[in-house]
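In my numbering, the protein residues as written are 3 to 362. C-beta atoms are modelled at their ideal positions from N, C-alpha and C, and glycine is treated no differently. Note that the coordinates shown come from a computational prediction; the quantities given were computed from them, not determined experimentally. Working notes for the structure below.
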Amino acid sequence: NERARYAVVEGGTSQGVLKAYLQEHYPHLRHSLPDAPAGTTIAANVALHGQGRLTQQYGFNSEMVCGLEVVLPTGEICRVGSPSLGPYWFSRSPTLPDLSGLFLGWLGTTGIITKVGLRLYPNKRFREVEIFVTDIPELVPEVIYRLTHLELLEDITAWFQPKPLMFKDNYHVTMYFTGDSQEEVDFKRKMVWDSLQEFMDSKDGGFMVVDPLKPQLLEMPQRSVAEFADVPRGGGFEYSGPITLVEHFPKYALKVVELAKKYDLLYSGMARVISGGHAMMFAISFAFNRADRDMMERVKMAMDEATEFALQMGSIPWKPNFMEQKMILQKMDPVTRGLIQRVRRLLDPDNIMNPGNWEV
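What follows is the structure in structure tokens.
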């Protein structure tokens with residue numbers, strides 16, 4: 003539906019297929035594309051509360067869902083939201099009970115998503131990027147606060163890594179902005195620079211020249227995310243991505259370096275701002291050689307410790323594996339934990355839907 007800016011896709015539709023379809027038929031529309039392989043499905047991404055290029059503006063990709071079709075454990079087909087009342091997929095809840103919460107985030111334990119209604123957004127003609135650099139991790143939350151106050155930016159990420167050496171010991175805040183004219187883009191760039199002028203005047207940070215990196219930075223999805231896996235050779239990397247407060251960035255940055263030293267691993271830290279600064283996803287990443295079993299075991303121990311740290315910080319681990327799910331349930335308020343178990347038993351009394359997930 004072009005005018006209502008939404009699309010309805012089947013459960014196996016990939017991010018790449020939707021992107022290509024929109025580029026060919028509706029080039030003025032886009033969806034929140036994650037930095038994941040093109041074969042990643044839209045249903046899987048929203049079911050995991052994934053993030054994408056528009057998460058800074060509009061929230062988790064799951065918040066862009068405007069209707070669901072789900073096969074229940076009984077075999078019944080259930081439509082959630084406006085499609086339960088008619089042919090249109092413009093709303094998943096208001097003013098109905100929001101039943102999408104019974105399926106998003108449940109890791110397949112309550113039903114199988116067969117259709118997703120997904121909001122689309124304007125695709126502007128021009129897209130630009132700037133990177134602000136500082137060597138003070140405590141400054142990053144304030145930089146993000148000022149940038150989100152502008153309400154102008156498409157995407158904001160904060161990242162640090164020891165290799166290549168040009169990035170070592172610095173913290174980078176990458177910001178993307180779009181426009182339908184060069185005047186609009188230039189205006190937004192001026193607003194960005196003005197908002198951070200105080201830090202440039204105090205010599206606490208500044209903007210780096212991005213022209214040599216611009217083609218790579220403007221890729222969607224970014225292939226450089228996967229290239230990190232080959233830095234130590236062997237093509238492997240693992241990450242934990244807790245959802246937390248932006249103000250916790252300095253503590254997480256310190257923890258990443260601490261874990262890397264403790265387990266002798268190559269690290270990368272990256273945070274994506276969510277919903278205008280209400281939260282961030284902080285990716286704690288370690289690369290490894292898949293032929294080195296000892297290195298893989300050290301990565302696993304580092305990941306487990308990272309999850310423990312996230313829970314101690316009051317954060318929510320994202321895309322949790324079996325071990326992380328158990329750690330979450332142990333930490334969780336017992337009334338909340340009990341309600342989750344009761345909902346599962348109600349919808350799936352025979353425990354046939356992806357058993358092992360969200361189990362005590």
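Status (buried if at least 16 other CB within 10 Å, exposed otherwise) for Y254: Around the C-beta of Y254, 16 or more other C-beta atoms lie within 10 Å, and the residue is accordingly described as buried.
Pair within 8 Å by beta-carbon distance, I158 and V175: Contact check for I158 against V175 passes: the beta carbons are separated by less than 8 Å.
Classification of L348 by the beta-carbon crowding that lies within 10 angstroms, buried from 16 upward: By the 10 Å Cβ count, L348 comes out exposed.
Spatial distance of A40 from Q25 (CA atoms): Their Cα atoms are separated by approximately 14 Å.
Length of the line joining the Cα atoms of D296 and F239: D296 and F239 have their alpha carbons spaced roughly 14 Å apart.
Minimum C-alpha distance to H30 - residue among N63, E12, R7 and T42: Among N63, E12, R7 and T42, the Cα nearest to that of H30 is on R7.
Assigned secondary structure, Y173 (DSSP; H/G/I helix, E/B strand, else coil): Looking at Y173 - three-state DSSP - the assignment turns out to be strand.
Buried or exposed (CB count within 10 angstroms, at least 16 for buried), F288: Burial state of F288 is buried, judged by a 10 Å Cβ sphere holding 16 or more other Cβ atoms.
Nearest-angstrom Cβ-Cβ length linking D38 and G13, presumed shorter than 8 Å: Residue identity differs from the one stated: residue 38 is Ala in this sequence, not Asp. Beta-carbon to beta-carbon, A38 and G13 are separated by about 16 Å, too far to satisfy the 8 Å threshold.
Unbroken stretches of the alpha helix (DSSP H), 4 residues or longer, contained in the region 180–233: For secondary structure counted as the alpha helix (DSSP H) over 4 or more consecutive residues, the region 180–233 holds these complete runs in sequence order: 184–197, 199–203, 216–219 and 226–229.
Complete runs of the alpha helix (DSSP H) confined to the region 335–362 [at least 4 residues]: Fully contained in the region 335–362 are the following alpha helix (DSSP H) runs of length 4 or more, in chain order: 336–349.
Contained beta strand (DSSP E) runs [length at least 3] in the region 59–122, N- to C-terminal order: If we require 3 residues or more, the beta strand (DSSP E) runs fully inside the region 59–122 come out as 67–73, 79–82 and 114–121.
Cβ contact (3+ pairs, closer than 8 Å) linking the region 123–137 and the region 203–214: Cβ pair count under 8 Å is three or more, so yes.
Cα-Cα separation between T111 and F201, rounded to whole angstroms: Between the alpha carbons of T111 and F201 lies a distance of about 49 Å.
E132 - DSSP class collapsed to helix/strand/coil: In the structure shown, the three-state DSSP call for E132 is strand.
Three CB pairs or more closer than 8 Å across the region 190–204 and the region 88–102: Touching, no.
Member of V48, Q184 and E186 whose CA lies at the smallest distance from the CA of S16: Looking at the Cα atoms, V48 is the closest of the given residues.
Collapsed DSSP secondary structure at S277 in the structure displayed: Of the three classes helix, strand and coil, the one that applies to S277 here is helix, per DSSP.
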